[in-house]
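Chains as they are written, first to last, in UniProt numbering: chain A, 1 to 365; chain B, 1 to 535.
As structure tokens, the structure follows; a few thoughts come after it.
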């Protein structure tokens with residue numbers, strides 16, 4: 001435990017540390033989130049408390065968090081989006097590090113970081129630029145595959161081309177399959193690098209509906225095994241000044257069946273940044289920014305909405321579907337009842353540090 | 001010589017030769033050019049990265065304004081750790097702006113940007129250009145550069161290489177931003193803004209008149225009104241001047257000042273001066289023949305507060321060169337005192353039909369002052385002013401009544417201050433119009449009469465602003481039409497809103513017995529974090 005920087009509720013940490021060794025059978029849920037400048041926090045939502053803070057190596061600001069099924073290691077995109085650092089959640093020790101950039105070549109990953117279900121491979125969508133002596137040269141993007149056993153100086157084992165502007169990725173339920181969300185959704189085979197299928201989003205060609213605007217930067221798909229994102233889209237078959245002219249919708253990709261569903265649910269009046277699908281009522285999704293919103297993704301009905309006390313970027317849900325967690329942006333995770341939308345609690349980040357664009361994942365231990 | 005030294009010397013010669021070759025466009029020999037401190041900077045501080053096979057890379061391939069060059073040189077410092085002393089920075093910017101600048105005709109369309117006019121309207125040629133290139137900075141920043149296609153493309157690589165989020169942010173993620181920037185924009189840009197032009201070839205070959213001499217000047221400072229005066233410019237070295245000002249804003253309000261200036265590219269005047277108790281900066285352009293100057297001066301710490309500026313050279317060659325006529329509005333049936341300022345003026349004045357000179361109050365080569373009688377039946381409208389039988393570009397307008405009023409700018413932006421950022425104020429002006437031939441206000445044929453004194457007030461712009469009490473928090477209006485915004489930072493009385501606001505600015509003007517009013521919109525918004533000389 002020497003490595004851990006214990007910042008809050010030391011009693012709880014002691015309890016967790018001792019329990020952790022023999023814990024898996026209990027299958028409790030923990031939240032992982034990150035704050036500026038470069039910390040990863042393990043949060044016990046039941047206790048409404050941070051149980052461990054792990055200081056990540058490198059420059060911040062931490063963003064995407066990828067966790068394999070066994071939830072032993074968390075892989076965090078950090079270091080100005082130029083590194084992924086893997087830390088052991090029990091010891092807090094860094095066990096993996098891939099620095100993408102070299103002095104001659106700057107390489108960034110824009111949130112699209114995923115790990116295979118077995119935890120053996122890490123996938124990062126990379127955008128490189130050659131830094132010449134007096135000239136920059138932007139190169140094509142690709143997905144780099146890392147072996148997580150490669151330790152602290154990991155280099156890509158292989159790469160395969162991928163469209164630009166991908167912002168989210170997740171391993172699907174099928175072996176070697178990776179879904180990537182950019183302009184459209186691309187299903188790759190990670191062994192062959194082949195683009196096996198494209199699910200059109202921007203190019204969906206739906207009559208009376210334009211190209212959607214998707215800002216999918218927060219990956220939360222572990223509970224319902226469904227990767228989802230809000231989108232906004234113009235209706236082209238109504239006058240531009242009609243209230244119907246601009247719609248909000250949600251796209252849901254089922255990671256096991258590898259199917260994409262899109263549904264508009266209201267006239268767009270408010271921004272929503274991220275969404276999560278309920279693991280118990282799979283037709284229900286929750287969205288967040290300045291409000292908490294619940295929609296039916298089958299009927300396209302807006303089920304519930306509540307103004308929140310502040311802006312939140314990231315959202316997640318408990319495994320029993322009863323609690324909604326909202327975080328990101330500022331220095332707080334708030335917990336809401338998924339039915340009544342009543343606030344049930346909150347967890348303050350240590351030192352008032354902002355979670356900013358960071359993700360919030362749920363792990364089961 | 002030891003091999004090491006030889007290599008060194010060779011390398012040095014190669015650098016010197018290449019620099020002379022590429023930058024010594026004005027026919028300077030290496031020996032002469034070597035004495036230019038700007039050349040020395042390139043040699044010592046730039047060549048380490050920019051010399052390839054004996055040739056300079058990048059630097060010779062672009063033409064920009066002095067501000068454009070300065071921003072690039074500053075970027076070399078921030079991004080690539082090129083450390084320059086203030087003298088080295090000035091020298092290299094001067095050197096490059098002189099040899100690789102824009103011809104006056106090339107810079108003309110975007111002078112409003114160079115002059116930092118507040119609330120300016122950017123002018124992209126189309127929607128695609130506006131969205132691709134005018135969303136992070138002004139489009140004018142683009143239009144004030146000249147490059148070939150290849151060099152425009154390199155700039156696109158610099159952009160996405162340095163700002164990789166460009167393709168993820170709004171107006172980037174909705175299109176194949178990079179493919180458009182790489183494959184389409186460079187060709188379009190090179191067509192509109194090519195490196196080699198006749199205008200530049202001619203300008204860079206021509207000899208330009210130094211700015212030294214006496215100038216008759218005039219202009220208008222919103223909130224203060226019109227001024228006329230003199231500017232005395234004394235050479236202090238090549239392109240370097242000492243300047244004295246005397247500006248008359250009206251009876252009893254004379255502002256005197258002293259300053260310095262540097263002229264780039266043969267016509268781009270950049271000066272500083274203390275005028276009265278204000279520290280100011282001037283951005284003027286000499287006309288191609290060097291007989292006139294125009295531009296804007298403003299407060300050094302608040303570039304939104306300033307005045308227009310026009311000048312004519314008062315030398316022997318000047319012949320009936322007008323710089324201002326005031327007042328510009330004459331009411332039918334009344335008498336008025338009209339002053340004409342300029343150089344080489346003959347005492348022969350024609351103010352157009354229905355405006356009769358009834359008495360001469362002053363006759364000098366630099367000022368004509370007359371009493372005029374405007375006929376009761378004089379037709380409302382604009383008349384060109386002629387002096388000494390020569391028509392000028394100045395005019396006076398006759399009116400019976402002010403038909404309509406406009407607030408300018410119609411849409412203004414002010415920014416709250418805070419930290420080390422002072423607030424950015426917004427200055428409004430009330431401008432009187434005639435309806436024109438169609439008898440309707442707000443149409444293209446309206447006749448602009450000029451600025452008129454007004455009473456100023458503010459109102460919430462809409463229901464939301466009213467509900468949020470923007471009026472109470474955003475700031476306040478000064479009597480002369482200047483809005484002073486509040487300070488930034490969370491205001492505990494306003495959940496999540498800080499001190500921003502959306503207001504209507506109302507000008508009320510008395511025209512005889514009548515009272516007219518007009519509205520503009522003012523958005524008070526957050527601070528701008530990186531003020532740059534070219535937005």
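Built from N, CA and C at the ideal position, the CB exists for glycine as well.
Pairwise C-alpha distance: residue j and residue i
i, j, result
"residue 302 (chain B)", "residue 223 (chain A)", "54 Å"
"residue 270 (chain A)", "residue 127 (chain B)", "26 Å"
"residue 256 (chain A)", "residue 172 (chain A)", "6 Å"
"residue 101 (chain A)", "residue 83 (chain A)", "8 Å"
"residue 32 (chain A)", "residue 38 (chain A)", "13 Å"
"residue 129 (chain A)", "residue 477 (chain B)", "49 Å"
"residue 16 (chain B)", "residue 35 (chain B)", "Reliability fails at residue 16 (chain B), whose pLDDT of 37 lies under 50, so the model's placement of it is uncertain and no value is given."
"residue 149 (chain A)", "residue 523 (chain B)", "55 Å"
"residue 280 (chain A)", "residue 248 (chain A)", "24 Å"
"residue 25 (chain A)", "residue 69 (chain A)", "Reliability fails at residue 25 (chain A), whose pLDDT of 43 lies under 50, so the model's placement of it is uncertain and the value that follows must be treated cautiously. The alpha-carbon atoms of residue 25 (chain A) and residue 69 (chain A) are separated by roughly 15 Å."
"residue 189 (chain B)", "residue 149 (chain B)", "7 Å"
"residue 377 (chain B)", "residue 451 (chain B)", "24 Å"
"residue 328 (chain B)", "residue 358 (chain B)", "18 Å"
"residue 445 (chain B)", "residue 392 (chain B)", "22 Å"
"residue 484 (chain B)", "residue 460 (chain B)", "16 Å"
"residue 299 (chain A)", "residue 261 (chain A)", "12 Å"
"residue 400 (chain B)", "residue 333 (chain B)", "8 Å"
"residue 408 (chain B)", "residue 183 (chain B)", "40 Å"
"residue 77 (chain B)", "residue 69 (chain B)", "13 Å"
"residue 243 (chain A)", "residue 274 (chain A)", "23 Å"
Given residue i as reference, the closest of the options once Cα atoms are compared
i, options, result
"residue 159 (chain A)", "A:44, A:267, A:144, A:41", "A:144"
"residue 343 (chain B)", "B:217, B:430, B:427, B:404", "B:217"
"residue 225 (chain B)", "B:478, B:525, B:429", "B:429"
"residue 370 (chain B)", "B:361, B:38, B:377", "B:361"
"residue 64 (chain B)", "B:479, B:347, B:108", "B:108"
"residue 227 (chain A)", "A:286, A:138, A:161", "A:286"
"residue 138 (chain A)", "A:105, A:288, A:317", "A:105"
"residue 380 (chain A)", "A:278, A:233, A:120, A:80", "As shown, chain A starts at 1 and ends at 365. That puts residue 380 (chain A) outside it, with no answer to give."
"residue 331 (chain B)", "B:119, B:171, B:135, B:373", "B:373"
"residue 133 (chain B)", "B:533, B:219, B:270, B:172", "B:172"
Any non-hydrogen atom of the ligand FMN within 7 Å of residue i CB
i, result
"residue 309 (chain A)", "Here there are no bound small molecules, and the ligand FMN is not part of this structure."
Residue interval of the alpha helix (DSSP H) (run including residue i)
i, result
"residue 199 (chain B)", "198-205"
"residue 140 (chain B)", "139-143"
"residue 470 (chain B)", "470-473"
"residue 113 (chain B)", "111-114"
"residue 154 (chain B)", "149-162"
Per-residue contacts from residue i into chain A (C-beta, under 8 Å)
i, result
"residue 50 (chain B)", "133, 134"
Beta-carbon neighbours of residue i, restricted to chain B and to distances below 8 Å
i, result
"residue 110 (chain A)", "164, 165, 168"
"residue 378 (chain A)", "Nothing can be reported for residue 378 (chain A), as the shown portion of chain A is limited to 1 through 365."
Terminal residues of the beta strand (DSSP E) in which residue i lies
i, result
"residue 96 (chain B)", "From DSSP, residue 96 (chain B) is part of no beta strand (DSSP E) but of the alpha helix (DSSP H) over 86-99."
"residue 67 (chain B)", "Element bounds for residue 67 (chain B): not the beta strand (DSSP E) but the alpha helix (DSSP H), 66-80."
"residue 271 (chain B)", "268-275"
"residue 433 (chain B)", "429-434"
"residue 327 (chain A)", "323-327"
"residue 331 (chain B)", "329-331"
Contact set between residue i and chain B, taken where Cβ atoms lie within less than 7 Å
i, result
"residue 127 (chain A)", "164"
"residue 164 (chain A)", "167, 178"
Contact set between residue i and chain B, taken where Cβ atoms lie within less than 9 Å
i, result
"residue 296 (chain A)", "Here the premise fails: no neighbours, minimum Cβ distance about 27 Å."
"residue 213 (chain A)", "170, 173, 174"
"residue 137 (chain A)", "154, 157, 161"
Given a limit of 9 Å on CB to CB distance, which residues of the region 135-163 of chain B reach chain A? Under the 9 Å Cβ criterion, the region 135-163 of chain B contributes 154, 156, 157, 158, 159, 160, 161, 162.
Contacting positions in the region 168-185 of chain B - beta carbon closer than 7 Å to chain A: 168, 173, 174, 178
Using a beta-carbon distance cut-off of less than 7 Å, what residues from the region 34-49 of chain A approach chain B? Under the 7 Å Cβ criterion, the region 34-49 of chain A contributes no residue.
Under 7 Å (Cβ pairs) to chain A, residues found in the region 46-80 of chain B: Answer set for the region 46-80 of chain B: 49, 50, 57, 58.
Short-range partners of chain B found in the region 145-176 of chain A, where Cβ spacing is below 7 Å: Per Cβ criterion, the list reads 164, 165, 167.
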